[in-house]
Amino acid sequence: MRLISESGEQLGIKHIREAMEYAERRDLDLVEVAANSDPPVVRIMDYGKYKYQKEQARKAARKKQVNINVREIKLRPKIGDNDFNTKRGHVERFLRHGDKVKVTIMFRGREVQHPELGEKLLRRLADDLNELGRIESQPNLDGRNMVMVMSPKKDVAPKVEASDEASGQRQESAARS
Numbered sequence: 001m002r003l004i005s006e007s008g009e010q011l012g013i014k015h016i017r018e019a020m021e022y023a024e025r026r027d028l029d030l031v032e033v034a035a036n037s038d039p040p041v042v043r044i045m046d047y048g049k050y051k052y053q054k055e056q057a058r059k060a061a062r063k064k065q066v067n068i069n070v071r072e073i074k075l076r077p078k079i080g081d082n083d084f085n086t087k088r089g090h091v092e093r094f095l096r097h098g099d100k101v102k103v104t105i106m107f108r109g110r111e112v113q114h115p116e117l118g119e120k121l122l123r124r125l126a127d128d129l130n131e132l133g134r135i136e137s138q139p140n141l142d143g144r145n146m147v148m149v150m151s152p153k154k155d156v157a158p159k160v161e162a163s164d165e166a167s168g169q170r171q172e173s174a175a176r177s
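Residue 143 in the UniProt record's numbering sits at position 143 of the sequence shown, and the numbers go up by one each step.
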């Protein structure tokens, strides 16, 4: 077997009994790294420590993973201006938090005969929020609903996190006072 030390240097080709004694003297484990190679490769290491480090690296990678939610907002084609502004504010908040937004226009009765009204409304919403998000899927009529998906722009989310941290610090200092 080809023996590799804990520091990574090759110790040469040894018999299995010699390799086990070498590992035992150092109070470490003998781990087979490449069984299919000729000769097989074994490494001397603290296997418990190795497993722990791998688990820590896996947890750190999971923490860094971004979780994107898809939020949905439903509108009607004949929505009032104030109601539209309220819904636009909700979409803006979702985009600032880094979530994708599915905007649905629901048509009732004969409203479905005028899909251009729904498309106009969705375009207006996208134009209002073009600095925060981009259209991921264009407005599409699906039965009695018209659907558009917006996703946040990459440069928007970090700004929000920084402003959230700053406002959190302000709230903490106000609470101490």
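Every residue gets a Cβ at the ideal spot worked out from N, C-alpha and C, and that includes glycine.
Out of Glu-6, Asp-142, Leu-11 and Glu-72, the CA that lies nearest to the CA of Asp-29 is found in Glu-6. Gly-133 counts as buried, since at least 16 other C-beta atoms from the protein chains shown sit within 10 angstroms of its C-beta. In this structure Gly-118 touches Ile-105 by the C-beta definition: roughly 4 Å separates them, less than 8 Å. Here Val-70 is not near Asp-46, since their CB atoms are 9 Å or more apart. The residue among Gly-80, Arg-123, Lys-153 and Glu-116 with its C-alpha nearest the C-alpha of Glu-131 is Lys-153.
Every beta strand (DSSP E) of 3 residues or more that sits fully in the stretch 25-50 is shown, in chain order, as 29-34 and 41-45. Per DSSP, Pro-152 is one residue of the beta strand (DSSP E) stretching across 145-152. Put simply, of Lys-63, Arg-96, Glu-72 and Met-1 the residue whose alpha carbon is nearest the alpha carbon of Asp-38 is Met-1. Using a C-beta cut-off of 8 Å, the stretch 108-128 makes contact with the stretch 138-146, since at least three inter-stretch Cβ pairs fall below that distance.
In this structure Arg-43 is buried. Its beta-carbon is surrounded by 16 or more other beta-carbon atoms within 10 angstroms. By the Cβ-count criterion, Val-101 is buried, with 16 or more other Cβ atoms from all chains shown falling within 10 Å of its own Cβ. Only residues of its own chain outside the window of five on either side were considered, and among them none has a CB closer than 6 Å to the CB of Tyr-22.
Relative to His-97, the option among Gly-48, Val-31, Asp-142 and Asn-67 whose CA is nearest is Asn-67. Under the three-state reduction of DSSP output, Asn-82 falls in the helix class. Counting of Cβ neighbours within 10 angstroms places Ile-16 among the exposed residues, the total staying below 16.
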